[in-house]
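>
Number of protein chains: 2
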Amino acid sequence: MDIGILVIGDELTSGMTLDTNSSFIARESQMQGWHVSSVMTVGDDGDAIKGGLDYLLGISDALVVTGGLGPTADDITTAAVAGAFGLDSYIDEAVLKQLKERFGRFGLPWTKNNVKQAMFPEGADIIANPVGTACGFLIERNGRPVIVIPGVPVEARRMFTGGVIPLFRERFTCREHVAKRTIKTFGRTESQIDQILSHEDLEIPGITIGFYPRFPEIRLVVTSRDEDSERAEENLRVVCERIEGRLHGHIFGYDDDTMEGVTASFLTDRKLTLSVAESCTGGLITDRLTDVPGSSVFLERGVVTYSNTSKVELLGVPASVIEKRGAVSEEVAILMAEGVKKLAGTDIGLSTTGIAGPTGGTEEKPVGTVFIALATEEGTTCRRFLFRWDRRRIKEISSQIALNMLRRFLVKEMD
Amino acid sequence: MDIGILVIGDELTSGMTLDTNSSFIARESQMQGWHVSSVMTVGDDGDAIKGGLDYLLGISDALVVTGGLGPTADDITTAAVAGAFGLDSYIDEAVLKQLKERFGRFGLPWTKNNVKQAMFPEGADIIANPVGTACGFLIERNGRPVIVIPGVPVEARRMFTGGVIPLFRERFTCREHVAKRTIKTFGRTESQIDQILSHEDLEIPGITIGFYPRFPEIRLVVTSRDEDSERAEENLRVVCERIEGRLHGHIFGYDDDTMEGVTASFLTDRKLTLSVAESCTGGLITDRLTDVPGSSVFLERGVVTYSNTSKVELLGVPASVIEKRGAVSEEVAILMAEGVKKLAGTDIGLSTTGIAGPTGGTEEKPVGTVFIALATEEGTTCRRFLFRWDRRRIKEISSQIALNMLRRFLVKEMD
Chain A
1 MDIGILVIGD
11 ELTSGMTLDT
21 NSSFIARESQ
31 MQGWHVSSVM
41 TVGDDGDAIK
51 GGLDYLLGIS
61 DALVVTGGLG
71 PTADDITTAA
81 VAGAFGLDSY
91 IDEAVLKQLK
101 ERFGRFGLPW
111 TKNNVKQAMF
121 PEGADIIANP
131 VGTACGFLIE
141 RNGRPVIVIP
151 GVPVEARRMF
161 TGGVIPLFRE
171 RFTCREHVAK
181 RTIKTFGRTE
191 SQIDQILSHE
201 DLEIPGITIG
211 FYPRFPEIRL
221 VVTSRDEDSE
231 RAEENLRVVC
241 ERIEGRLHGH
251 IFGYDDDTME
261 GVTASFLTDR
271 KLTLSVAESC
281 TGGLITDRLT
291 DVPGSSVFLE
301 RGVVTYSNTS
311 KVELLGVPAS
321 VIEKRGAVSE
331 EVAILMAEGV
341 KKLAGTDIGL
351 STTGIAGPTG
361 GTEEKPVGTV
371 FIALATEEGT
381 TCRRFLFRWD
391 RRRIKEISSQ
401 IALNMLRRFL
411 VKEMD
Chain B
1 MDIGILVIGD
11 ELTSGMTLDT
21 NSSFIARESQ
31 MQGWHVSSVM
41 TVGDDGDAIK
51 GGLDYLLGIS
61 DALVVTGGLG
71 PTADDITTAA
81 VAGAFGLDSY
91 IDEAVLKQLK
101 ERFGRFGLPW
111 TKNNVKQAMF
121 PEGADIIANP
131 VGTACGFLIE
141 RNGRPVIVIP
151 GVPVEARRMF
161 TGGVIPLFRE
171 RFTCREHVAK
181 RTIKTFGRTE
191 SQIDQILSHE
201 DLEIPGITIG
211 FYPRFPEIRL
221 VVTSRDEDSE
231 RAEENLRVVC
241 ERIEGRLHGH
251 IFGYDDDTME
261 GVTASFLTDR
271 KLTLSVAESC
281 TGGLITDRLT
291 DVPGSSVFLE
301 RGVVTYSNTS
311 KVELLGVPAS
321 VIEKRGAVSE
331 EVAILMAEGV
341 KKLAGTDIGL
351 STTGIAGPTG
361 GTEEKPVGTV
371 FIALATEEGT
381 TCRRFLFRWD
391 RRRIKEISSQ
401 IALNMLRRFL
411 VKEMD
């Protein structure tokens, strides 16, 4: 089933308000196995609304319309929908009575413009609003249901899940079952992953694989559709297994997992403690780790050693090494990781030092040069990177790589 | 001038990703005095793209198309636009050469599918992408410009303001001049600000004031329109001055200012040095400060003292005080700020300690209890807060208040 979504409001076409309703409706529709043909946003304008309704009805089996059902002068959706379909409007006395009672109950003065919220196109079925004053309605157009609900996000969400989904399910028996999994990867570019996954054995009917880069990660969403729910699940399982086989090590989590959350779980499970010494990442690594509830169990301390003095005092890095090799160097990164590990008395020490820019680069060490070191009982490893991008992104990718080095060490530990 | 916006991507029609580009483009268009006729979102599907292009061209003077210009199989926008307009595509050798050079420079392996990013419909004018690999292009359709740009938000934004706006301005002369200023506030609620600003002397023809809460800040956007550009600027200046008179102290910056950027400038200008001791904010304060280029001038060190031991070792907080008062207490917050200031030898010390939750609260100190202390040459101040909200938001508002305490101390210093 194809669903069209029409979103109405001058606040949206002027960019004053960000529309989040259509994304919610699209997500919920997909979970029902329905396909969204198009989302259209228009202002509070009769002609634009009529144009949108006609276009979307031409490419959809059902329509959801949100917004413009309030009492003010710019709320014209009911009249515009009635007009577009050549229908008169009427005042529903039962709704009007309820509205007046509601105003009285909350001690609000009744103003005439509220009558508008009791008006509906003739022949419409009224849909109750459990969380607000404006009711929705359902109207047929050439045998296709058009459902109109308010635009206030909390009302639109409640009415879509509680009102629209049951109505659509009743009419459109859905033969398709949908199973879905998000695979979160790091360390390969979109085109590399695309090539790795260009394989006939992933081309299973009903399976689609979408790519969603969210810097610095790339997410793969595997969707499996089948009339038989068990087969949908089974196909999903098989495809995910094949993808895992090819991207192994670059997959850090699934669905709602985060890099910091996964790493934190490994540390907690293994009862290992961590300390962090950050220079160029400026505290972002510990900020991310401390977003995870319970991180105090494994995180002993973090230090943001921005000055050379602090590297000497808080980490025991010899001033002579900093002078000879530079604060941004493999030697200093290693001594930082080992120093924080030793002084904090933790199982693991993690460090970053680099030039996040925009100034401070040299020919030998240009802006974007970053060293990341991991010190464990097994020894210390250090990697050198050169990033393009701006200061914030250099911090973000450096923190991601640092956490990923730690994660990969812990995964190996877990095996 | 009417602008149509076509947004392309399965991640949008499936509700996986929230489209923020069209809202940005709509807002910027409005600032230019242009009107957005409609925003349409379709999936990566040739027919849907063709349908959207045809519909929007019927109701608009110009089109902006975003998304689907990447290297993977589902990126079909260029081919779909060419197909919709009955055009062939060609490989632009100059763009291809630049792409390959770019890959080489960053040590990325060149894969065949990247050739797609050098393909354009015949007759298209190529628009450079200053922040990514996918170029945009301009093509004419019945005398109407259709501009296609990538969907990656940072690229879409840069290319819209830097590429599309100048191109459209050249073609469409606009009679209205628009002047705009964003006023950034912290410390008052939206309804408090609304009341403070409900004044006749702000009701000037052509002036609109919009409220945009962006946790934990509230931004006011003052827009001034007039046919005469000087009058537009003058009206803007007068209104902003009146707002400043009423919100003084709660305004921390304008337009692109950030709380951390403003605070960093004050520190740099005054040649004052800072050290930070964070417990519940977990490194977020130094993360924000180190987003500012040049922060190494004033930031000596940060410490994330998550364990009691680290508070003793890195800050000199006596273990007996922690035991007696608790790690989350006014006494410990003050000793942390004073300790880091003394040990780092800086002019100012800033500290946070609190219970970010979801567990760890007590009756006396429930989840959300946070102490923030500022130690300067003039003495130490400490404030206690109780926040509702989740762990991340408690961290965010605590870091904001800490920076704001520092900013207000420095502003006073500046007077």
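So the protein sequences, as listed, match chains A and B. Quick note: the first sequence uses the numbering used here, first residue 1, plus one each step. Quick note: the second sequence uses the numbering used here, first residue 1, plus one each step. Yeah, the Cβ is synthetic: ideal placement off N, Cα and C, and Gly gets one too.
Using the Cβ count rule (16 or more neighbours within 10 Å means buried), how would you classify A:L53?
On the first sequence, position 53 is the one that residue 53 of chain A refers to. Answer is buried; the Cβ neighbour count reaches 16.
> In the segment 298–310 of chain B, which residues sit with their C-beta less than 8 Å from some C-beta in chain A, listed in chain order?
If the cut-off is 8 Å between Cβ atoms, the segment 298–310 of chain B has L299, E300, R301, G302, V303, V304, T305, Y306, S307, T309 and S310 near chain A.
> Report yes or no: do three or more beta-carbon pairs, one from the segment 209–228 of chain B and one from the segment 168–186 of chain B, lie closer than 8 Å?
Flag = yes, the segment 209–228 of chain B and the segment 168–186 of chain B touch.
> So for B:D269, helix, strand or coil by DSSP?
Translated into positions along the second sequence, residue 269 of chain B becomes position 269. B:D269 falls in the helix class under three-state DSSP.
> Would B:A277 and B:G357 be called neighbours here (beta carbons separated by less than 9 Å)?
Position 277 of the second sequence holds residue 277 of chain B. Position 357 of the second sequence holds residue 357 of chain B. For B:A277 and B:G357, no; Cβs fall outside 9 Å.
> Assuming the contact rule is C-beta atoms closer than 8 Å, A:V65 and A:T77 should be a hit. Round their C-beta distance to whole Å, please.
Indexing the first sequence from 1 puts residue 65 of chain A at position 65. Indexing the first sequence from 1 puts residue 77 of chain A at position 77. Confirmed, Cβ separation roughly 7 Å.
> Throw me the rounded Cβ distance for the B:L335 and B:V317 pair, which I believe falls under 8 Å.
As a first step, residue 335 of chain B is located in the second sequence; it is residue number 335 there, counting from the start. As a first step, residue 317 of chain B is located in the second sequence; it is residue number 317 there, counting from the start. So it is a contact: roughly 4 Å between Cβ atoms.
> Would you check if the distance between the CB atom of A:G83 and the CB atom of A:K50 is smaller than 9 Å?
Taking the first sequence and counting its residues from 1, the one referred to as residue 83 of chain A is at position 83. Taking the first sequence and counting its residues from 1, the one referred to as residue 50 of chain A is at position 50. In this structure, A:K50 lies closer than 9 Å to A:G83 by Cβ.
> So is B:A73 in contact with chain A if we call contact Cβ pairs under 9 Å?
For this step, residue 73 of chain B is matched to residue 73 along the second sequence. At least one chain A Cβ lies under 9 Å of B:A73.
> DSSP has A:K50 in a bridge; who is on the other side?
Position 50 of the first sequence, counted from the first residue, corresponds to residue 50 of chain A. None; A:K50 has no bridge partner.
> Measure the alpha-carbon distance for B:I490 versus B:E260 and round it to whole angstroms.
Because residue 490 of chain B is not part of the residues shown, which for chain B are 1 to 415, the question remains open.
> Would B:I91 be called buried (16 or more neighbouring beta carbons within 10 Å of its own) or exposed?
Position 91 of the second sequence holds residue 91 of chain B. Looking at its Cβ environment, which holds fewer than 16 other Cβ atoms inside 10 Å, B:I91 is exposed.
> Would you mind sorting A:G354 into buried or exposed? The rule is 16 or more other CB atoms within 10 Å of its CB.
Taking the first sequence and counting its residues from 1, one reaches residue 354 of chain A at position 354. Under this definition A:G354 is a buried residue.
> Starting from A:G168, follow the alpha helix (DSSP H) in both directions and report where the run begins and ends.
Taking the first sequence and counting its residues from 1, one reaches residue 168 of chain A at position 168. Contrary to the premise, residue 168 of chain A reads as Phe rather than Gly in this sequence. It spans I165 to R171 - the alpha helix (DSSP H) in which A:F168 sits, taken as one unbroken run.
> At what residue ranges does the segment 236–304 of chain B contain a whole run of the alpha helix (DSSP H), taking only runs of 4 or more?
Taking only runs of at least 4 residues, the alpha helix (DSSP H) segments lying wholly in the segment 236–304 of chain B are 259–270 and 284–289.
> Count the CB pairs spanning the segment 202–218 of chain B and the segment 277–296 of chain B that are closer than 8 Å, and state whether there are at least three.
These segments do not touch.
> Roughly how many angstroms lie between the CA atoms of A:K311 and B:L289, to the nearest whole one?
Stepping through the first sequence from its first residue, residue 311 of chain A is reached at position 311. Stepping through the second sequence from its first residue, residue 289 of chain B is reached at position 289. Approximately 18 Å between the Cα atoms of the pair.
> How about A:G345: is its C-beta nearer than 9 Å to some C-beta of chain B?
For the purposes of this step, residue 345 of chain A is taken as residue 345 along the first sequence, with counting starting at 1. Yes, A:G345 lies at the interface with chain B (some Cβ there is under 9 Å from its Cβ).
> Contact criterion: CB-CB distance below 9 Å. Does B:P358 meet it with respect to chain A?
Within the second sequence, the letter at position 358 stands for residue 358 of chain B. Interface residue, yes.
> On the DSSP letters alone, give me the boundaries of the alpha helix (DSSP H) that A:T376 sits inside.
Counting from 1 along the first sequence, the entry for residue 376 of chain A is found at position 376. That residue, A:T376, is in no alpha helix (DSSP H); its beta strand (DSSP E) goes T369 to T376.
> Which residue comes first and which comes last in the beta strand (DSSP E) that contains B:R181?
Sequence index remark: in the second sequence, residue 181 of chain B carries index 181 (1-based). Residues H177 to T185.
> Among B:E331, B:V7 and B:E122, which residue has its Cα nearest to the Cα of B:G151?
Counting from 1 along the second sequence, the entry for residue 151 of chain B is found at position 151. Closest by alpha carbon: B:V7.
> Quick one: list the residues of chain B neighbouring A:G52, beta-carbon separation under 8 Å, in chain order.
Working through the first sequence from its first residue, we reach residue 52 of chain A at position 52. In chain order: S38.
> Scan the segment 195–221 of chain A for residues whose Cβ lies nearer than 7 Å to a Cβ of chain B and list them as they occur along the chain.
The segment 195–221 of chain A vs chain B, Cβ under 7 Å: Q195, G210, F211, Y212 and V221.
> Within 9 Å (strictly less), CB to CB, does A:R237 reach chain B?
Numbered from its first residue, the first sequence carries residue 237 of chain A at position 237. A:R237 does not count as touching chain B.
> Would the beta-carbon of B:V328 fall within 9 Å of that of B:C280?
Taking the second sequence and counting its residues from 1, the one referred to as residue 328 of chain B is at position 328. Taking the second sequence and counting its residues from 1, the one referred to as residue 280 of chain B is at position 280. Yes, the pair counts as a contact, with Cβ atoms nearer than the cut-off.
> Nearest chain A C-beta to B:V148 closer than 9 Å, yes or no?
Position 148 of the second sequence, counted from the start, is the residue given in the question as residue 148 of chain B. False, the Cβ-Cβ gap to chain A never drops below 9 Å.
> Measuring straight from C-alpha to C-alpha, what distance separates B:N308 and B:A333?
On the second sequence, residue 308 of chain B is found 308 positions in, with the first residue counted as 1. On the second sequence, residue 333 of chain B is found 333 positions in, with the first residue counted as 1. B:N308 and B:A333: Cα-Cα distance of roughly 12 Å.
> Would you mind reading off the limits of the alpha helix (DSSP H) that contains A:P153?
Numbered from 1 along the first sequence, position 153 holds the residue referred to as residue 153 of chain A. From DSSP, the alpha helix (DSSP H) with A:P153 extends over P153 to M159.
> Is DSSP giving A:L57 helix, strand or coil here?
By 1-based counting over the first sequence, the position of residue 57 of chain A is 57. Reduced to three states, the DSSP call for A:L57 is helix.
> By how many angstroms is the C-alpha of A:L284 removed from the C-alpha of B:T286?
Working through the second sequence from its first residue, we reach residue 286 of chain B at position 286. Working through the first sequence from its first residue, we reach residue 284 of chain A at position 284. About 8 Å.
> Taking all protein chains shown into account, decide if A:N21 is buried (16 or more other Cβ within 10 angstroms of its Cβ) or exposed.
Within the first sequence, the letter at position 21 stands for residue 21 of chain A. Burial call: buried.
> Using only CA atoms, which one of A:I204, A:G206, A:S224 and A:I196 lies nearest to A:G245?
Here the question's residue 245 of chain A lines up with position 245 in the first sequence. Ranking the options by Cα distance to A:G245, first place goes to A:I196.
> Quick test of your reading: B:F120 and B:W110, contact by CB under 8 Å. State the CB separation rounded to the nearest angstrom.
Counted from its first residue, the second sequence places residue 120 of chain B at position 120. Counted from its first residue, the second sequence places residue 110 of chain B at position 110. That pair is no contact at about 19 Å.
> Is it buried or exposed for A:S198, if we count other Cβ within 10 angstroms and need 16 for buried?
As a first step, residue 198 of chain A must be located in the first sequence, where it is residue number 198. Exposed, because fewer than 16 other Cβ atoms sit within 10 Å of the Cβ of A:S198.
> If you draw a straight line from the C-alpha of B:S37 to the C-alpha of B:F24, how long is it?
Translated into the one-based positions of the second sequence, residue 37 of chain B becomes position 37. Translated into the one-based positions of the second sequence, residue 24 of chain B becomes position 24. For B:S37 and B:F24, the distance between alpha carbons rounds to 15 Å.
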